[in-house]
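Novice: If you read the protein sequences in the order shown, they are chains F and B.
Each residue of the first sequence is one higher than the one before, starting from 19 at the first, in my numbering.
Each residue of the second sequence is one higher than the one before, starting from 19 at the first, in my numbering.
Number of protein chains: 2
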Amino acid sequence: MSADAAVPTRKQRKVDDNGDNEDSKDYDLETQKALEEIDSCQNEIDVLNEKASEEILKVEQKYNKLRKPFFEKRNDLIKKIPNFWVSAFINHPQISALLDEEEEECLHYLSKLEVEEFDDIKSGYRLKFFFDENPFFENDVLIKEFHLGQADPVSSSTEIKWKENMELTKGQETTSKAGKKRAHSQPRTFFGWFLDNSDASLDDVAEVIKDDMWPNPLQYFLVPESDMNENGMEGDSYSDEDDEVDDNVVVVEEEGEEECEGENYEEEDDEP
Amino acid sequence: MSADAAVPTRKQRKVDDNGDNEDSKDYDLETQKALEEIDSCQNEIDVLNEKASEEILKVEQKYNKLRKPFFEKRNDLIKKIPNFWVSAFINHPQISALLDEEEEECLHYLSKLEVEEFDDIKSGYRLKFFFDENPFFENDVLIKEFHLGQADPVSSSTEIKWKENMELTKGQETTSKAGKKRAHSQPRTFFGWFLDNSDASLDDVAEVIKDDMWPNPLQYFLVPESDMNENGMEGDSYSDEDDEVDDNVVVVEEEGEEECEGENYEEEDDEP
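(1) Can you have a look at F/Val223 and say buried or exposed, based on whether 16 or more other CB atoms are within 10 angstroms of its CB?
(2) Kindly indicate which residue of F/Lys76, F/Gly167, F/Glu121 and F/Glu163 has the alpha-carbon position closest to the one of F/Phe154.
(3) Helix, strand or coil: how does DSSP classify B/Lys146 here?
(4) Between the C-alpha atoms of B/Thr207 and F/Phe208, what's the straight-line distance to the nearest angstrom?
(5) Taking 9 Å as the CB-CB cut-off, is B/Gln112 touching chain F?
(6) Where does F/Val263 sit, in a helix, a strand or coil, going by DSSP?
(7) Helix, strand or coil for F/Ser105? Go by DSSP, reduced to three states.
(8) Looking at the unbroken alpha helix (DSSP H) that takes in F/Ile227, where does it start and where does it end?
(9) Taking its Cβ as the centre, do 16 or more other Cβ atoms sit within 10 Å of B/Ser105, making it buried, or is it exposed?
(10) Are the beta-carbon atoms belonging to F/Lys188 and F/Ser175 less than 9 Å from one another?
(11) Can you give the Cα-Cα distance for F/Ile99 and F/Asp230, rounded to whole angstroms?
(12) Check whether the region 122-140 of chain F touches the region 65-82 of chain F, taking contact to mean three or more Cβ pairs, one atom from each stretch, closer than 8 Å.
(13) Identify whether B/Glu91 lies in helix, strand or coil by the three-state DSSP scheme.
(14) Under 9 Å between the Cβ atoms of B/Cys59 and F/Leu213?
(15) I'd like to know if B/Arg92 contacts chain F, where contact means its C-beta is closer than 9 Å to some C-beta of that chain.
(16) Smallest Cα separation from B/Leu128: which of B/Asn93, B/Arg144, B/Lys69 and B/Ser173?
(17) Kindly say whether F/Ile108, judged by its beta-carbon, lies nearer than 9 Å to any beta-carbon of chain B.
(18) Ends of the alpha helix (DSSP H) at B/Phe209?
(19) Which partner residues does B/Glu163 have in the DSSP bridge list?
(20) Mapping DSSP to helix, strand and coil, what is B/Leu128?
(21) State the Cα-Cα distance for the pair B/Glu279 and B/Met184, rounded to the nearest angstrom.
(22) Locate the alpha helix (DSSP H) running through B/Tyr238, then write down its first and last residues.
(23) Using a Cβ cut-off of 9 Å (strictly closer), state whether B/Val77 contacts chain F.
(24) Grab me the residues of B/Asp158's own chain with a C-beta within less than 7 Å of its C-beta, minus the 5 sequence neighbours each way, in chain order.
(25) Could you confirm whether any beta carbon from chain B is found closer than 9 Å to the beta carbon of F/Leu95?
(26) Hey, B/Leu160 and B/Lys146: beta-carbon distance below 9 Å or not?
(27) If you compare alpha carbons, which of F/Lys76, F/Ser216, F/Ala115 and F/Leu116 is closest to F/Asp170?
(28) If the cut is a Cβ gap below 7 Å, which residues of chain B does F/Cys59 touch?
(29) With a threshold of 16 other CB atoms inside 10 Å of the CB of F/Thr101, please say whether the residue is buried or exposed.
(30) Looking at F/Gly167: is its Cβ nearer than 9 Å to the Cβ of F/Lys130?
(31) Using a C-beta cutoff of 9 Å, does B/Leu145 count as contacting chain F?
(32) Between B/Arg85 and chain F, is the shortest Cβ-Cβ distance under 9 Å, so that the two count as touching?
(33) State the Cα-Cα distance for the pair F/Leu75 and F/Phe164, rounded to the nearest angstrom.
(34) Name the two residues that bound the continuous alpha helix (DSSP H) containing F/Ser219.
(35) Would you mind stating whether B/Lys53 and F/Leu240 have Cβ atoms separated by less than 9 Å?
See the structure below:
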């Protein structure tokens with residue numbers, strides 16, 4: 019299905035053929051020989067997998083470079099649109115679930131989002147949130163970074179320098195590295211997520227931002243016509259918690275029915 | 019992370035710029051113009067995504083061809099080893115969970131397994147189970163096939179021609195297409211899975227066979243030393259339901275610590 023499926027390299031276990039293993043002696047010679055031949059065949063398959071992986075990486079790197087100027091141009095254009103990112107975030111089903119009222123207010127100062135994959139792609143990526151001067155914190159950029167190329171993935175995030183009495187995560191417990199299991203009973207918030215580095219390998223929010231929001235944020239800024247009810251009002255799926263945001267909603271028409279690709283990009287289908 | 023992440027093509031929603039949309043008039047001209055430019059920028063990104071996707075597909079196709087003779091050679095070698103597949107199945111944590119006693123007996127007649135990806139890879143794949151003449155059914159090959167390239171993925175499987183009084187799925191309810199939700203209270207069995215085509219998009223067993231068993235079955239045939247306890251006996255993770263199978267177990271030594279790649283290939287780590 020994907021490059022991953024084509025690249026099944028895993029820790030190899032070699033057939034022990036130097037005789038110091040008691041149990042292997044249970045095999046007759048012919049079987050032992052066949053096992054060794056399978057093992058060497060497997061090694062040749064692994065070499066091909068490795069080569070395929072490298073070639074695919076090169077294609078990805080090439081296109082990351084080619085896409086970059088368009089992402090930069092897009093960022094410049096987005097800056098011209100008031101409240102673009104906060105609107106896209108509020109319209110996104112998974113990210114909006116995180117946002118509390120004060121955080122929404124704060125995210126009105128989010129002027130730029132950037133997703134940077136590391137050069138070798140597999141080793142990780144970085145989410146950069148650029149903020150205009152704001153009443154909440156001193157930072158002008160908040161970075162959350164994922165290092166995934168190692169056995170135990172880790173993430174880190176910029177320390178937020180909250181202004182006096184403006185700490186939005188106050189009273190929230192951010193899970194320590196030691197306590198890996200997050201208490202899911204406690205509702206997550208955006209900055210709670212941002213500061214939580216307890217399990218870098220399972221960060222669903224970061225993945226949504228990288229694989230869904232970043233590839234095409236316009237679709238979330240624009241609320242599709244099918245999500246509006248007959249009166250031209252937003253349907254149940256989007257609550258109108260924030261009146262300011264409704265001003266930023268534009269209705270679009272869907273043209274054509276291009277096929278959806280990639281496992282991460284499932285469309286919500288309105289049809290039963 | 020993967021080719022999928024690099025290829026975020028999705029159904030595009032175009033900015034409605036022909037003026038027949040009331041709500042879009044709420045935008046000032048400058049914003050509307052910026053939105054249109056973002057949209058055209060997004061289209062250029064989508065074109066690049068499409069090209070990247072095509073190039074990656076070509077790499078995958080090339081290596082599928084290069085790997086094929088080694089998979090065939092491997093299949094020939096595997097045939098020389100008695101009970102190779104049934105042993106690998108029993109040693110696999112997820113597949114073994116499916117197997118009831120009679121099915122294990124039946125799978126001793128499984129002589130060859132083949133996984134064939136369709137030429138354009140994304141459109142689907144086929145699992146082929148070849149059987150020697152056996153007391154359970156007449157078929158010499160059972161095929162389960164997945165067509166995934168469409169909006170609603172479907173799968174199909176060979177009708178099993180059970181011999182008299184040998185129907186292993188008797189008394190099991192196989193879910194009809196209409197009743198999509200499988201009753202998870204009822205334990206699944208191997209042939210129950212094989213005949214169940216109620217939800218082709220979420221077939222975890224087929225994916226385990228394609229992405230984990232098929233790429234390297236030897237590692238499941240061979241039980242690694244770390245899974246044996248100090249007496250050289252199998253540990254708790256593998257029950258010794260089938261004595262015949264224990265004869266086929268060989269202990270191997272792990273050489274080197276090559277890094278694990280690909281999301282589907284997580285190693286069970288013995289360390290806490």
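Beta carbons: idealized from backbone N, C-alpha and C, even for Gly.
Specialist: Taking the structure as given:
(1) buried
(2) F/Glu121
(3) strand
(4) 43 Å
(5) no
(6) Legend: pLDDT at F/Val263 = 39, less than 50; position of this residue unreliable, no value from coordinates given.
(7) helix
(8) Element bounds for F/Ile227: n/a, residue is neither H nor E.
(9) buried
(10) no
(11) 20 Å
(12) yes
(13) First, the residue type needs correcting, since residue 91 of chain B is Lys and not Glu in the sequence shown. Here B/Lys91 sits in helix by DSSP.
(14) no
(15) yes
(16) B/Asn93
(17) no
(18) Phe208 to Leu213
(19) B/Arg144 and B/Ser174
(20) strand
(21) Confidence at B/Glu279 is low in this model, with a pLDDT of 39, below 50, so the placement of that residue should be treated as unreliable; the coordinate-derived value is given next. Each residue's alpha carbon lies about 42 Å from the other.
(22) Leu236 to Phe239
(23) yes
(24) Phe148 and Phe149
(25) yes
(26) yes
(27) F/Ser216
(28) Phe88, Lys91, Arg92 and Leu95
(29) The question names Thr, but residue 101 of chain F in the sequence shown is Asn. With 16 or more other Cβ atoms within 10 Å, it is buried.
(30) no
(31) no
(32) yes
(33) 18 Å
(34) Taken as a continuous stretch (DSSP letters only), F/Ser219 belongs to no alpha helix (DSSP H), as it is neither H nor E.
(35) The sequence shown places Leu at residue 53 of chain B, not Lys. Yes. Within cutoff.
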